[in-house]
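Everything on this sheet refers to the single structure shown next.
2 protein chains.
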Amino acid sequence: MSLIVTGTIGIDTVETPSARRERVLGGSAAFFAAAACPFTPVRLVGVVGGDWPSEHRALLEGLRGVDLRGLETRPQGKTFAWGGRYLENMNVRETLFTDLGVVGEAAPTVPGVFADSEFVFLGNTHPSVQRGLLTQLPKRKVAIADTMDLWINIAHDELMKLLCEVDGIVLNDSEASLLTGVRNAVTAGQRILGYGPRFVVVKKGEHGAVLVHRDGVAAVPAYPATEEMVIDPTGAGDSFAGGMMGHLARMGVGTGSSEFQTLQDALTWGTVMASFTIGGFSLEGLREASPDAIAKRHASFRAAARIA
Amino acid sequence: MSLIVTGTIGIDTVETPSARRERVLGGSAAFFAAAACPFTPVRLVGVVGGDWPSEHRALLEGLRGVDLRGLETRPQGKTFAWGGRYLENMNVRETLFTDLGVVGEAAPTVPGVFADSEFVFLGNTHPSVQRGLLTQLPKRKVAIADTMDLWINIAHDELMKLLCEVDGIVLNDSEASLLTGVRNAVTAGQRILGYGPRFVVVKKGEHGAVLVHRDGVAAVPAYPATEEMVIDPTGAGDSFAGGMMGHLARMGVGTGSSEFQTLQDALTWGTVMASFTIGGFSLEGLREASPDAIAKRHASFRAAARIA
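So the protein sequences, as listed, match chains A and B.
In my numbering, each number is its position in the first sequence, counted from 1, plus 980.
In my numbering, each number is its position in the second sequence, counted from 1, plus 980.
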């Protein structure tokens, strides 16, 4: 079924303890689309400026099954740019700069050809923008939003309205705690269910993720990556969401097994796709994710996380 | 097969944000034995003082299948006592006092009737004491040691010798990092394999555990407990080890499926037993762990952590 993602396309500058990359392709929609497209075609809605490098466009165009008709270019504007530095063996991330550029201007619109999209991922942005995008997608069957601490702090009321309009939300454990005042991830997720959505995915980075659904709770460890396997964690969360929703859209929730079980499986595919992302800068890690490599990584993860 | 545990029997005073218990039964050997005895008979080696409350003895005697012939009483001595306080919703623990008492004196000896023990768990104590106990167990098939930051810091050379003599070691993620200088749990585990043991279990508390074995790597999430389910985390790690080794001894590693797979399953049983421990003070949570309740909790955990 049709999957649409709205989010940022960015120019990232990333420093790790051992390397540095300047002005590489990044942004939530880029990672999401690259992680989801092996599962199902992806429609991308976003906006870039006149400075967007043609190599970045070529990279996105090179992703099989990603429809860029919703990618708007504003020639007078600047592309969203982000700089970050990883410290202490990738555990701590420091943001060095954030230039919103065109992302700080008018929101992109959903092109008419995408209006019939059934699976919707609202990448992290101001919740009022997310709500505006949602109204342009009247055929949606499952809508999931991402959010962050900034919106919890400065746009709490709009976020609470959004939570009544989506089916699910993904957020980090620290963000779930901030939103609910509860540190325990399961209880925080249950509180958020009380705000409206049918399910919550709490991401815990290297410690995996927890799904809190009206019908049950699931826990998944992260892929047990060695230090050598972690080149750059940027985009891991967005890739997790991409793999997760790619699987959901592929399976078509509601047909066959229960939504809870399909989501539980989807967390596994999200974990697998995130494990590719951390293996390189920008989309380099995901470039290795051929259907065969994805199947092998999934089998390896299933063996490592098997519960007899 | 026969399982023996050496470790502390303690008198615990525990404060949580909502409750306080004074002078309740604690200690690594007590939690280990209570968690292991539903799986297999347990032989306990430890030492208490003349002040040991008769109610505590009655509690241990009430555990089915725990053989206390290795529990020595030193009438002139004082029982090991520990006081701790949990802060920030159970996330942070502060030690208020530690009175070693008889644990700081001569080590207990393994009684002759226990000398043929095959599965050995060396609870956390000075590594030279652990090594001395190990020499009294010449029939051992699988020996696993626990350790802590204190011994890594002040008895590093003895600990390294111990690591050459045991089959496996269990330790926290922060301890694995301290021992190896590596923050990544999988890579830290791999480094420790280089020091001698065949496998390492890195415990991550509420984030689960990782098994690093010569034959592979496994990851298990923690039981997805709600805030309400966590009454007192004291003893969770020892109960994890108890459930794990109880399963190993019950299965008899080396017969049937591979050691790696048996250990992987053992991590699941450890997780289940730890989930009982956190549900009450002292051994109160484990008292609910009837064979039927254990089977139900395991089924619930398997459903929550299922990888399709």
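All C-beta atoms, glycine included, are put in the ideal place defined by N, C-alpha and C.
So with Cβ pairs under 9 Å, would you call residue i a contact of chain A?
i, result
"B:F1011", "no"
"B:A1283", "yes"
"B:G1196", "yes"
"B:P1204", "yes"
"B:V1301", "An answer regarding residue 1301 of chain B cannot be provided, because it is not within the stretch 981 to 1288 covered by chain B."
"B:P1201", "yes"
Could you check how far apart the C-beta atoms of residue i and residue j are, in whole angstroms? I think they sit under 8 Å.
i, j, result
"B:L1130", "B:L1114", "Actually they do not touch by this definition, with Cβ atoms about 19 Å apart."
"A:G1226", "A:A1015", "7 Å"
"B:H1193", "B:F1240", "5 Å"
"B:V1197", "A:P1021", "No, B:V1197 and A:P1021 are not in contact; Cβ-Cβ is about 34 Å, not under 8 Å."
"A:A1061", "A:G990", "6 Å"
"A:P1107", "A:L1067", "Not a contact, Cβ separation roughly 30 Å."
Can you list the residues of chain A that residue i reaches, using a CB-CB cut of under 9 Å?
i, result
"B:P997", "The contacting residues do not exist; B:P997 stays about 11 Å from chain A at best."
Measure from the C-beta of residue i to each C-beta in chain B and report whether the shortest distance is under 9 Å.
i, result
"A:K1183", "no"
"A:E1068", "yes"
"A:V1210", "yes"
"A:H1187", "yes"
"A:R1241", "Looking at the sequence shown, residue 1241 of chain A is not Arg but Gln. Closer than 9 Å to some Cβ of chain B, the Cβ of A:Q1241 qualifies, so yes."
At a CB-CB cut-off below 8 Å, which residues of chain A make contact with residue i?
i, result
"B:E1207", "V1162, R1163, N1164, V1166, T1167"
Find out if the Cβ-Cβ distance for the pair residue i, residue j is shorter than 9 Å.
i, j, result
"A:L964", "A:E1145", "A question about residue 964 of chain A goes unanswered here, because the residues of chain A that appear run from 981 up to 1288."
"B:A1031", "B:K1058", "First, the amino acid is wrong: residue 1031 of chain B is Asp here, not Ala. It is a contact, given that the beta carbons lie within the stated cut-off."
"A:Q1110", "A:T986", "yes"
"B:I1149", "B:V1181", "yes"
"A:N1104", "A:D1079", "no"
"A:T1167", "B:E1207", "yes"
"B:V1028", "B:E1052", "yes"
"A:R1282", "B:A1288", "yes"
"A:G1223", "A:G1250", "yes"
"B:R1178", "B:L1159", "no"
"B:A1189", "B:F1220", "yes"
"B:L1024", "B:L1263", "no"
"B:R1290", "B:V1082", "Since the displayed chain B opens at 981 and closes at 1288, residue 1290 of chain B lies outside it and no answer follows."
"B:G1064", "B:L1076", "yes"
"A:A1254", "A:L1228", "no"
"A:A1285", "A:P1213", "no"
"B:I1134", "B:V1100", "no"
"B:K1184", "B:D1137", "no"
"B:P928", "B:G1026", "Residue 928 of chain B is absent from the structure shown; chain B starts at 981 and stops at 1288."
"A:N1164", "B:N1164", "no"
"A:F1256", "A:R1001", "no"
"A:M1006", "A:G1215", "Note that residue 1006 of chain A is Gly in the sequence shown, not Met. In this structure, A:G1215 lies closer than 9 Å to A:G1006 by Cβ."
"B:G1050", "B:C1017", "no"
"A:M1209", "A:I1274", "no"
How would you list, in chain order, the residues of chain B whose beta-carbon sits under 8 Å from the beta-carbon of residue i?
i, result
"A:H1193", "Within 8 Å Cβ-Cβ: nothing; A:H1193 doesn't reach chain B, min ~11 Å."
"A:T1248", "I1287, A1288"
"A:Q1170", "T1206"
Listing by chain order, which chain B residues have their CB less than 9 Å from the CB of residue i?
i, result
"A:T1257", "Here the premise fails: no neighbours, minimum Cβ distance about 17 Å."
"A:H1227", "Chain B residues near A:H1227: none, gap ~10 Å exceeds 9 Å."
Residue i versus chain B: which residues are under 7 Å apart at the beta carbon?
i, result
"A:D1245", "A1288"
"A:N1071", "R1163"
List, in chain order, every chain C residue whose beta-carbon is nearer than 7 Å to that of residue i.
i, result
"B:H1036", "Considering every chain present, this structure includes no chain C. Its protein chains are A and B."
Could you list which residues in chain A have their beta carbon closer than 7 Å to that of residue i, in chain order?
i, result
"B:H1106", "Under the 7 Å cutoff, chain A gives no residues; its nearest Cβ is about 30 Å from B:H1106."
Every unbroken beta strand (DSSP E) within the region 1082-1162 of chain B, with a cutoff of 3 residues, ordered by chain: 1099-1102, 1122-1126, 1148-1152
Segments assigned alpha helix (DSSP H), at least 4 residues, entirely inside the region 1155-1224 of chain B: 1165-1175
Every unbroken beta strand (DSSP E) inside the region 1006-1074 of chain A [3 residues or more]: 1022-1029, 1046-1054, 1060-1067
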